[in-house]
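Colleague: All the letters of the sequence shown, read from the start, carry residue numbers 1 to 760 under the UniProt record's numbering.
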Amino acid sequence: MNDATVYFNDRKLMRRIVRHYYHLKPGRFLTIFLLWWFKLGRALHLMSEASYQTHFWQTLLKRPLTTEQWATIKPRHLGTGTLVAQIPNAILEAWGVTGLGLPIDLQGQATATMPSVLDRVAQTDGPLTVAPKFYRRYLRSIRRREIGLRVGRRTLTLKQYQRRAWLWRLRDLITLLIAAYGITIGALIIATNRYNFQMVTDIIRRPDVLTMNSLMAIALMLILYLLFNNVGVGILLGSLPTLAIGITNFLMLKYRGSPLRYIDLSLASEAKNMGTRYNYMLPLKYLLIIGTFIVLALIVAFLFRAPAGHFGLRALLAVAVVIVSALSFKPLFLNDVRYTNIMAVTRANQWSGTNRYLTKGVVYSFLNTTNKDQLLPPANYSEAAAKAQLAKYKNVNIPKNKKVNIITIQLEAFNDFSKWSQIKIDPSVYAGLHTIQQEGVSGELTTNIFGGGTIDTERKVLTGYSKTPPITHPMLSFVDYFNQQGYLTEKRHPGYGWFYNRQNIERYLGFQHFYYKENYYDDHVSKDFIVKDSLVFDNLEASLKRANKNGQYLFNQTVTYQNHGPYDTTFSGTPLVTWQDGYNKSDYAIINNYLTGVRETSNALLKLVNSLKSYKEPVVLAFWGDHNPWGGAENSTYKMLGIDLDQSTTTGYKNYFDTPYVLWANPAAKKTLGNSFTGKGADISPMYVLPEIFKRANYTGSQYMQEVMAMEKNISVFGEDNRYLSDGKWTTTLKSSVAKQAKTFHDVEYYMETSAVKRN
């Protein structure tokens, strides 16, 4: 006697029967939902097997087919002998098969009490040949020696099958390990190859580092293998996160020059909406790597049939793997001492965070960042010490006769490329900027970002924090001080409000109003996707005059959108850069397209300044670039222009992170404040922009403002990779007295970031 699954897949046969029935009886299709409901009831043990079979077939065959109609889907190669199947006897008879099926006729009516499979088997003498799955599900309890297990074309005894099952499991586990290491190496190549392939070969030669990068794939593949009992499914689905990390790092290094961090996942929707402006197609060789892996996984899925196994046991093992993975995640991946020491940077500049990230492998490094962008207290944090430090200061109001309007503008990707003398740029590009610089205070803003990450600079200006914390709730900022002084506080940005979650975060930071594309600019300024800076500045000036007319001073931060990259690699206008030997058309187009927009911004700034000169109300204007612009894949435009971006040198570091800032005051403000607002400004971090204004305006400010100004006297730049500009010198090691002051400052920062905010 044989069970049905020896000769055909009974699940496929059931689907074939159901499809055949609905094909001939399409009007009955909605009953399929009842069939699913019965199946769910059986799975949840709400109905017995016999009850399930009765309800299933009675519902399906309520409008019966003829014997001839059933005969048309007779399976091939049914073999000989008696067939045991969960199929009505009437259908088996229509196929001309001797079988022990269900006592159900073609009308779906039971012709006898529904027997169990065991009962039907017990009615038949002689040896049995069944599929391993059939045995485990129905016959294991009877333990008849004459039962043979049919595997492929062979019939095995139970002991033979059990021995082979262990070997098959071992084969599957070894295959999973090979696949996990393979996809990890593939992800490392995709992410790192164009950056520095030698880093990949170094990792491959280090089993410990390669294993740390492979553990995620190993765990996921094992869990999925246990759940689906299919090694191919485990490999294909389990490899997706590792592959995604590799591809995303490749794209981020290409367009941003920085690797993937855990916090970047929160910007996935923003990246999706910006996607049309970037080319996300991978190089052919990377597609071949991915394609080859998929083909091999499919071959494995086809060739490696897993032995039958009880789902409950496999699910229990999968849960155990999940628990072990969760418990070991922190000691394995969040141990910073282990992470730092596991492999030194030998192939590139050791001070580069990107190089350190890639040297240790993109998967391991990404997992190490999962707790790096959380709001965590500094080492040896003391709330009492932070309170005591702030208590040294008193909040001081701005005298009524000294109040001025303060307008701040963050310019998208704005930098002065004329400072690099080897580039021959048309003087008209920066004429407006240079005129304003001569009339105001101008200096270099050392940001912590390159090519993107706008909010890092913008929020440091507003908060005075050396690192931008995750802002998920109301948080103290300099905006609160202006609110307390009776200012109208508003934020303006011509882009989408959901971008970087500004529509919520500006409120968390204390702004009374936030105007963005959806709620203002589309209806009142321009519906263009990118609104010209000239229109943004005209509208800003109108809002200033409207506030003053209503008897209010204005504190504003405007973040522009014009000049956002990437820039076209073709150019049809009048070149603004003189062609030189060594230039290429693509990067030449990028720089000319960029400078075309920058010239418009520079001229719009000059127009705004000239208008404010004659304005009777006092206005202090500050503007700066948020970061350097995108410059082609792997910074190819910078390379063509001969701009040194080697962060191991001070020159390269400043070239990478510095943008211009200007503090300017109209005649009315100069008179009110008694300060000319001219001269050379210091190199500063974004957190010091407002303190620089307060210093020149002779404002004392809030307790925290005074703490920030005190910190600036000894550290004017908190740079990346533990670099500081202290006492006018770049260093990675602070003097003990300054380090102590910085420790206290970071305690105060954390206290401010976590203090409860009470606003009206």
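All C-beta atoms, glycine included, are put in the ideal place defined by N, C-alpha and C. Predicted, not measured: the structure shown is a model, and the values here were computed from it.
1) Taking 7 angstroms as the limit between beta carbons, can you name the residues of its chain near Ala-187, skipping five residues before and five after?
2) Output needed for Val-479: all residues of its chain with C-beta closer than 8 angstroms, excluding positions within five of it in sequence on either side, in chain order.
3) What is the rounded straight-line gap between the Cα of Glu-753 and the Cα of Ala-297?
4) At the level of alpha carbons, what is the spacing between Leu-316 and Leu-220?
5) Nearest by alpha-carbon distance to Lys-12: which of Trp-37, Gly-232, Gln-86 and Phe-38 is it?
6) Quick one, are the C-beta atoms of Asp-644 and Glu-600 less than 9 angstroms apart?
7) If you scan the stretch 183 to 239 from start to end, which runs of the alpha helix (DSSP H) of 4 or more residues do you find wholly inside it?
8) Report the CB separation of Ile-406 from Ile-693 in whole angstroms; it is logged as a contact under 8 angstroms.
9) Can you tell me whether Arg-759 is buried or exposed? The criterion is at least 16 other CB atoms within 10 Å of its CB, across all chains shown.
10) Please classify Thr-732: does DSSP put it in a helix, a strand, or coil?
11) Measuring straight from C-alpha to C-alpha, what distance separates residue 811 and Leu-332?
12) Flag this pair as yes or no: are the beta carbons of Ile-409 and Thr-560 separated by less than 9 angstroms?
13) In chain order, which beta strand (DSSP E) runs of at least 3 residues are fully inside the stretch 382 to 428?
14) DSSP on Pro-629, reduced to helix/strand/coil?
15) What residues match up with Ala-665 in a beta bridge as DSSP calls it?
16) Apply the 10 Å Cβ neighbour rule to Lys-671 and answer buried if 16 or more other Cβ atoms are within range, or exposed otherwise.
17) Let's see if you can read the secondary structure: which residues bound the beta strand (DSSP E) around Tyr-496?
18) Spell out the partners DSSP gives Glu-444 in its beta bridges.
19) Three or more C-beta pairs under 8 angstroms: does that hold for the stretch 446 to 457 against the stretch 610 to 630?
20) Three or more beta-carbon pairs under 8 angstroms between the stretch 596 to 610 and the stretch 649 to 656, yes or no?
21) Thinking C-alpha only, which one of Gly-108, Pro-64, Gln-58 and Tyr-21 is nearest Ile-73?
22) Starting from Ser-726, follow its DSSP beta bridges and name the residues at the other end.
23) Residues in its own chain within less than 7 angstroms of Leu-224 by CB, not counting five upstream and five downstream?
24) Suppose you measure from the CA of Ala-710 to the CA of Lys-392; what does that come to, to the nearest Å?
25) Measuring CB atoms only, is the stretch 375 to 383 touching the stretch 733 to 747, in the sense that at least three cross pairs come out at less than 8 angstroms?
26) Just the Cα atoms here: how many angstroms apart are Leu-673 and Lys-695?
27) Using a Cβ-Cβ cut-off of 6 angstroms (strictly less than) and excluding sequence neighbours within five positions of Phe-366, which residues of its own chain qualify?
28) Verify whether the separation of the beta carbon atoms of Tyr-520 and Tyr-496 is less than 9 angstroms.
29) Since Gly-101 is in the beta strand (DSSP E), which residue starts that stretch and which ends it?
30) So, Thr-446 versus Asp-658, is the Cβ gap smaller than 9 angstroms?
31) Under DSSP, the alpha helix (DSSP H) around Leu-554 begins and ends at which residues?
32) In whole angstroms, what is the alpha-carbon distance linking Leu-284 and Pro-575?
33) Are Phe-681 and Glu-444 touching if we call contact CB-CB under 9 angstroms?
34) When the Cα atoms are used, what is the spatial distance from Glu-93 to Ala-50?
35) Assuming Tyr-515 is part of the beta strand (DSSP E), what are its boundary residues?
36) Buried or exposed: which applies to Asn-610, given that a residue is buried once 16 or more other Cβ atoms fall within 10 Å of its Cβ?
Modeller: With the given structure in hand:
1) Thr-242, Leu-243, Ile-245, Gly-246, Val-362 and Val-363
2) Leu-462, Thr-489, Leu-509, Gly-510, Phe-511 and Phe-555
3) 49 angstroms
4) 15 angstroms
5) Gln-86
6) no
7) 207 to 228 and 231 to 238
8) 6 angstroms
9) exposed
10) coil
11) No answer is possible for residue 811: it lies beyond the span of the chain, which begins at 1 and ends at 760.
12) yes
13) 405 to 411
14) coil
15) Val-620
16) exposed
17) Per DSSP, Tyr-496 belongs to no beta strand (DSSP E) and is neither H nor E.
18) Pro-660
19) yes
20) no
21) Tyr-21
22) Ile-715 and Lys-729
23) Val-233, Gly-234, Leu-237 and Gly-238
24) 12 angstroms
25) yes
26) 11 angstroms
27) Ile-245 and Leu-260
28) no
29) 99 to 102
30) yes
31) It is not in any alpha helix (DSSP H) - Leu-554 instead sits in the beta strand (DSSP E) that spans 554 to 559.
32) 33 angstroms
33) Per the sequence presented here, residue 681 reads as Gly, with Phe not at that position. Going by C-beta atoms, Gly-681 is nearer than 9 angstroms to Glu-444.
34) 21 angstroms
35) 513 to 515
36) exposed
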